[in-house]
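Q:
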Amino acid sequence: MDTINGGAESQPPTSFPEKDEEEAVRWGALEKLPTYDRLRTSILKSVVEGESEEKSGRVVYKDVDVGKLDESDRENFIHRNFKVADDDNEKFLQRLRNRFDRVGVELPKVEVRIERLRVEADCYVGTRALPTLTNTARNMLESALGLFGIILAKRTNHTILRDISAIIKPSRMTLLLGPPSSGKTTLLLALAGMLDQSLKIKGEITYNGYNFNEFVPQKTSAYINQNNVHLGELTVRETLDYSARFQGIELLTELVKKEKEIGIFTDTGVDIFLKACAMEGDESSIITDYILKLLGLDVCKDTLVGNEMMRGISGGQKKRVTSGEMIVGPAKFLLMDEISTGLDSSTTLQIVRCMQQIAHFTHSTVFMSLLQPDPETFNLFDDVILLSEGQIVYQGPREHVLHFFQSCGFQCPERKGTADFLQEVTSKKDQEQYWADSTEPYRYVSVTEFATLFKAFHVGLQLEDDLKLAYDKSQCHKSALVFKKCTIPKMQLLKTSFDKEWLLLKRTSFVYIFKAIQLIIVAFTVSTVFLRTTLDVSYDDGPLYIGAIIFSIIINMFNGFAELSLTIARLPVFYKHRDLLFYPAWAFTLPSCLLRIPISVVESVIWTVIVYYTIGYAPETSRFFKQMLIIFLIQQMASGVFRLIGGVCRSMIVAHTGGALVLFIVFLLSGFILPLDEIPKWWNWGHWISPLSYGFKAMTINEMLSPRGRTILLCVAVLDNVDVDSESYWYWIGAACLLGFTILFNILFTFSLMYLNPLGKPQAIISEEAAKEQEPNQGDQITMSKRHSSSNTRELEKQQVSSQQSPKKTGIKRGMILPFLPLSMSFDKVNYYVDMPKEMKSQGVTEHRLQLLREVTGAFRPGVLTALMGVSGAGKTTLMDVLAGRKTGGYIEGDIRISGFPKKQETFARIQ
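According to the working numbering, the residues represented by the sequence shown are 1 to 912, in order.
(1) Which ranges does the beta strand (DSSP E) cover as unbroken runs of at least 3 residues, wholly within the region 372-404, from first to last along the chain?
(2) Please state whether DSSP places Val-125 in a helix, a strand or coil.
(3) Just mark Ala-353 as buried or exposed, buried being the case when its beta carbon has 16 or more other beta carbons within 10 Å.
(4) Quick one: using the 10 Å Cβ neighbour count with 16 as the cut-off for buried, is Ile-555 buried or exposed?
(5) Using the C-alpha atoms, what's the distance from Phe-381 back to Leu-343?
(6) What is the DSSP secondary structure of Gln-411, reduced to helix, strand or coil?
(7) Output the boundary residues of the alpha helix (DSSP H) element that contains Ala-470.
(8) Taking its Cβ as the centre, do 16 or more other Cβ atoms sit within 10 Å of Pro-822, making it buried, or is it exposed?
(9) Report yes if the C-beta distance between Asp-374 and Pro-397 is below 7 Å; otherwise report no.
(10) For Ala-523 versus Ile-610, is the C-beta distance shorter than 7 Å?
(11) Less than 7 Å between the C-beta atoms of Leu-96 and Gln-357, yes or no?
(12) For Glu-855, which of helix, strand or coil comes out of DSSP?
(13) In whole angstroms, what is the alpha-carbon distance linking Ile-896 and Thr-857?
(14) Between the alpha carbons of Glu-795 and Ala-419, how many angstroms are there, rounded?
(15) Is Thr-136 helix, strand or coil by DSSP?
(16) Kindly indicate which three-state DSSP category Leu-493 falls into: helix, strand or coil?
(17) Restricting to Cα atoms, I'd like to know which of Arg-854, Glu-238, Glu-204 and Tyr-833 is closest to Ser-497.
(18) Along the alpha helix (DSSP H) that carries Tyr-575, what are the first and last residues, could you check?
(19) Just reading off the beta strand (DSSP E) that Glu-233 is part of, what are its end residues?
(20) Using only alpha-carbon positions, find the residue among Met-309, Glu-204 and Thr-288 that is nearest to Arg-74.
(21) Here's the rule: buried if 16 or more other CB atoms are within 10 angstroms of the residue's CB, otherwise exposed. What is Leu-759?
(22) Determine the burial state of Pro-691: buried for a count of at least 16 other Cβ atoms within 10 Å of its Cβ, exposed for fewer.
(23) Are Leu-580 and Gln-197 touching if we call contact CB-CB under 7 Å?
(24) To which residues does DSSP link Ile-205 through a beta bridge?
(25) Are the Cβ atoms of Leu-292 and Asp-298 separated by less than 7 Å?
(26) By how many angstroms is the C-alpha of Val-830 removed from the C-alpha of Leu-503?
(27) Using beta-carbon positions only, say whether Phe-696 and Phe-672 come within less than 7 Å of one another.
(28) Do you know how far the Cα of Gly-126 is from the Cα of Asn-792?
(29) Please identify the residue among Leu-176, Pro-489, Gly-306 and Leu-505 whose C-alpha is closest to the C-alpha of Val-366.
(30) May I ask which residues mark the beginning and end of the beta strand (DSSP E) holding Ala-222?
(31) Give the single residue among Leu-883, Val-882 and Lys-841 whose Cα lies nearest to the Cα of Asp-302.
(32) From what residue to what residue does the alpha helix (DSSP H) around Asp-337 run?
(33) With His-687 as the anchor, note down where its alpha helix (DSSP H) starts and where it stops.
(34) So the candidates are Ile-733, Lys-429, Phe-333 and Cys-737; which of them puts its Cα closest to the Cα of Asn-208?
(35) Given 8 Å as the limit, is there contact between the region 158-174 and the region 104-112, that is, 3 or more CB pairs closer than that?
(36) What ranges does the beta strand (DSSP E) occupy inside the region 140-188, keeping only unbroken runs of at least 3 residues that lie completely in it?
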């Protein structure tokens, strides 16, 4: 049988070699299956390594359900098809492309057009935007007055993007270049439909002729953020697997039907890959293994991502996980923002080369922003967009970019990288060195002039002509754009959310184990304090029972305090996934609430079993279970209220201040610190909306209305003393209200996730000098920064000129000179080990330690600048942490000396 590599035959040949005859028979059997079974069944080819030479290398075929491939089958497939990531990926994609071409199935394409896009922002001037207490109070007051049309804040309008027009074509790699603060991230966010609502947006962005209100751009495109935001408790593979399950899949029904009609026998490797990628709800897919191999993450696929409190992968690997999290989805338009940050040049080159192959063979549209790519990486791109001061200086084929600047009088030196030249040629301080027109004296060419000259360049003229021709919507593939926010069934979405939450629950199980142990200790303590042998059932001891009930309510209320920190820690990842439309807020809330109910049941049983009969509450079994029910409802209510505080406050600092204030007011008005008749009338409403008041009434009535209580008339006397109604139905009212508050708090928590955004968003600040000099019709750059005001460029230049013209003055030296002793550091055969992760032990690793540094030897000398270099994940940060003494865990071996003396951390910390 001819494979796709050998040629594109529409019919199978009449004769096969012996090993292909078996494959042909199996393909013939698959052709007879119904379409549904055909989509799930394929042929897996593997090579058996036999003991004898005759059996060694024997090819074995077996029918497999692509939805049930185990890990060994997936590893075997990846090993056979992607031994060398760059070369084998290109061959495999060529085979995949040939399969679609043979049956005439067109791959979806996305062409993005930008016409006169203008983005403006109202910025604070000077120090007004600093996050001080005064400014925060003023912001709150001005926001309230702004509802009535009263504007007091001094703001100025800043244009981030100025009338941008461009076309990003499919099957091509487009590079976005520009200096910092030129508007690259704003442009990428605008194309992804994720710009902040406070910005003023004018112009038009279309995908295949469709405006943003006609489809869902967040699902059609995949925006890769330059910040690494992940759940540290998940492994690399799990992060990509859940991302793939949330983003959905592409269906191949049309392709399979046409192949069956024509009778084509396809390549087994391509067939398994496409069908496995199209399986809905798979916990682990071949596409994940494929992306792990392309990004070089297969070596750490079972390692936890990690965070500030948990050891994990390196910074460069986290950057690749951020890229893989979006590439693993079905989006045909990739927006990649500074993916090379923290990566070495070889890894960046490999990733860009693989993305180029994906773009060329699958007709994907790739728009990538890089700050300073090396020449090899730059040459992989087809088109270049040069952005400076919010304006497009050049947009077109990479081959013509240098010709454009030559026509403007600037020449790129031979030994200068093209990307570096493009970054500097628009800069006022670096432009002069590239002036090459000897017939005219140099003069500064502004960005606005470059943009005007580009419109007269032949590439700019061609772009203008292309924009005049409207895109024909009839040519748009039905699968190119996504027209609904939820692309996977809701039950499958909910199942994936439950699986993810259950896994996180197991990874953070130590928190709940610690809570249970803490609850047991406190329960034994309170049991011995209120031991029943010291309590008589009389009026005088009634307040002691009330005190024990109040203490139980307080302890079980704050038992849910852990939900506050857990919720706030997970909010950044949720906001990221919410903006990318991975899942709605309810898919995050439901699993987190429901999966913690069994834990709350166990904790309620522990508390009640230890405390109830030890203290000497009413001995009836029914009242035992009634108190257990109230304790359970209080814990559920507490978890809901702490989740709500976390969702509203969104940071630990705000939660510990504003949230604590709310809790203090709730406790004060609950009726057990001050009885209801002692609370001022204008605060009575606070008592009835306090959930703890209902829990206090229910537990008190359950105890005081027991038969022994009625016998000695404790019911009326004690309940009147704490101002609690003596009717028995108040128990069920209290239980119902606690349940209602639990549901209400979780619903409000869901709404907070839906409508609130993360705190501390970066905002632009304009200096007062720059604001005065700004004119609306000029393209002068305004120096901006995040969270701090920058100096005015012209003032700096004036200071430099004046300092050069003024004679040098010999000033009097002030201050004191401290003695300085140059020191050297040497290290010999340094080894660093950590305990073997459980995930690697589960994979069959028998060693107890994982070695991260192996026999590292070197020296740092005074007066010599030493560069520590290595690929991502090589151990650079680990070595520096070991030498600096920052490693608090693990095992360090070797000799580290400072100027020949053994290093002592106590004294070394004073000199580093």
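The beta-carbon is built from N, C-alpha and C at its ideal position, and this holds for glycine as well.
A: Let's see:
(1) Fully enclosed beta strand (DSSP E) runs of 3 or longer: 383-388 and 391-397.
(2) The residue you call residue 125 lines up with position 125 of the sequence shown. Of the three classes helix, strand and coil, the one that applies to Val-125 here is strand, per DSSP.
(3) As a working mapping, residue 353 is identified with position 353 in the sequence shown. Checking the displayed sequence, the identity of residue 353 turns out to be Arg instead of Ala. Within a 10 Å sphere around the beta-carbon of Arg-353 sit 16 or more other beta-carbons, which makes this residue buried.
(4) By 1-based counting over the sequence shown, the position of residue 555 is 555. Residue burial is scored here from C-beta neighbours: Ile-555 has at least 16 other C-beta atoms within 10 angstroms and is therefore classed as buried.
(5) As a working note, residue 343 is residue 343 in the sequence shown. As a working note, residue 381 is residue 381 in the sequence shown. If I take the Cα positions, the gap works out to 18 Å.
(6) Mapped onto the sequence shown, residue 411 falls at position 411. In the displayed model, Gln-411 falls within coil according to three-state DSSP, outside both helix and strand.
(7) Working through the sequence shown from its first residue, we reach residue 470 at position 470. Counting along the chain, Ala-470 falls outside any alpha helix (DSSP H), and DSSP gives it neither H nor E.
(8) One-based indexing of the sequence shown puts residue 822 at position 822. With fewer than 16 other beta carbons inside 10 angstroms of its own, Pro-822 counts as exposed.
(9) Along the sequence shown, read from residue 1 onward, the residue named residue 374 stands at position 374. Along the sequence shown, read from residue 1 onward, the residue named residue 397 stands at position 397. Going by beta carbons, Asp-374 and Pro-397 fall outside the 7 Å limit.
(10) Numbered from 1 along the sequence shown, position 523 holds the residue referred to as residue 523. Numbered from 1 along the sequence shown, position 610 holds the residue referred to as residue 610. In contact: Ala-523 and Ile-610 (Cβ atoms closer than 7 Å).
(11) Counted from its first residue, the sequence shown places residue 96 at position 96. Counted from its first residue, the sequence shown places residue 357 at position 357. One thing to note: Leu-96 has its Cβ no nearer than 7 Å to the Cβ of Gln-357.
(12) Residue 855 sits at position 855 when you count from the first residue of the sequence shown. Strand.
(13) Counting from one through the sequence shown, the residue named residue 896 turns up at place 896. Counting from one through the sequence shown, the residue named residue 857 turns up at place 857. Distance between the alpha carbons of Ile-896 and Thr-857: 9 Å.
(14) Along the sequence shown, read from residue 1 onward, the residue named residue 795 stands at position 795. Along the sequence shown, read from residue 1 onward, the residue named residue 419 stands at position 419. Because Glu-795 sits at a pLDDT of 37, beneath the cut-off of 50, its placement in the model cannot be relied upon, and the point is left open.
(15) By one-based count along the sequence shown, residue 136 stands at place 136. In this structure, DSSP gives Thr-136 a helical state, which the three-state scheme calls helix.
(16) As a first step, residue 493 is located in the sequence shown; it is residue number 493 there, counting from the start. Note: Leu-493 maps to helix in three-state DSSP.
(17) Sequence index remark: in the sequence shown, residue 497 carries index 497 (1-based). The residue among Arg-854, Glu-238, Glu-204 and Tyr-833 with its C-alpha nearest the C-alpha of Ser-497 is Glu-238.
(18) The count along the sequence shown starts at 1 and reaches residue 575 at position 575. For Tyr-575, the enclosing alpha helix (DSSP H) begins and ends at 562-579.
(19) On the sequence shown, residue 233 is found 233 positions in, with the first residue counted as 1. Per DSSP, Glu-233 belongs to no beta strand (DSSP E) and is neither H nor E.
(20) For this step, residue 74 is matched to residue 74 along the sequence shown. Across the set Met-309, Glu-204 and Thr-288, the C-alpha of Thr-288 shows the shortest separation from the C-alpha of Arg-74.
(21) Within the sequence shown, the letter at position 759 stands for residue 759. Counting Cβ neighbours within 10 Å, Leu-759 comes out exposed, since fewer than 16 surround it.
(22) Your numbering for residue 691 matches position 691 in the sequence shown. Pro-691 is buried by the Cβ-count criterion.
(23) Walking along the sequence shown from the start, residue 580 turns up at place 580. Walking along the sequence shown from the start, residue 197 turns up at place 197. Taking 7 Å as the Cβ cut-off, Leu-580 and Gln-197 do not qualify as a contacting pair.
(24) Mapped onto the sequence shown, residue 205 falls at position 205. Paired residue(s): Ile-114.
(25) Indexing the sequence shown from 1 puts residue 292 at position 292. Indexing the sequence shown from 1 puts residue 298 at position 298. It is a contact, given that the beta carbons lie within the stated cut-off.
(26) Start at 1 with the first residue of the sequence shown, and residue 503 comes out as number 503. Start at 1 with the first residue of the sequence shown, and residue 830 comes out as number 830. Distance between the alpha carbons of Leu-503 and Val-830 is about 36 Å.
(27) Taking the sequence shown and counting its residues from 1, one reaches residue 696 at position 696. Taking the sequence shown and counting its residues from 1, one reaches residue 672 at position 672. Phe-696 places its beta carbon less than 7 Å from that of Phe-672.
(28) Walking along the sequence shown from the start, residue 792 turns up at place 792. Walking along the sequence shown from the start, residue 126 turns up at place 126. Note on Asn-792: pLDDT 37, under 50, position unreliable in the model; the coordinate value appears next. C-alpha separation (whole angstroms): 11 Å.
(29) Numbered from 1 along the sequence shown, position 366 holds the residue referred to as residue 366. Comparing Cα-Cα distances from Val-366 to each of Leu-176, Pro-489, Gly-306 and Leu-505, the minimum goes to Leu-176.
(30) To locate residue 222, count along the sequence shown from 1; it is residue 222. 221-224 is the extent of the beta strand (DSSP E) around Ala-222.
(31) Counting from one through the sequence shown, the residue named residue 302 turns up at place 302. Looking at Leu-883, Val-882 and Lys-841, the one whose alpha-carbon comes closest to that of Asp-302 is Lys-841.
(32) One-based indexing of the sequence shown puts residue 337 at position 337. For Asp-337, no alpha helix (DSSP H) encloses it; the enclosing beta strand (DSSP E) starts and ends at 333-337.
(33) Counting from 1 along the sequence shown, the entry for residue 687 is found at position 687. Unbroken alpha helix (DSSP H) run through His-687: 684-688.
(34) Here residue 208 refers to the residue found at position 208 of the sequence shown. The option with the nearest alpha carbon to Asn-208 is Phe-333.
(35) With the cut-off at 8 Å, the region 158-174 and the region 104-112 touch.
(36) Runs found: 155-168 and 173-177.
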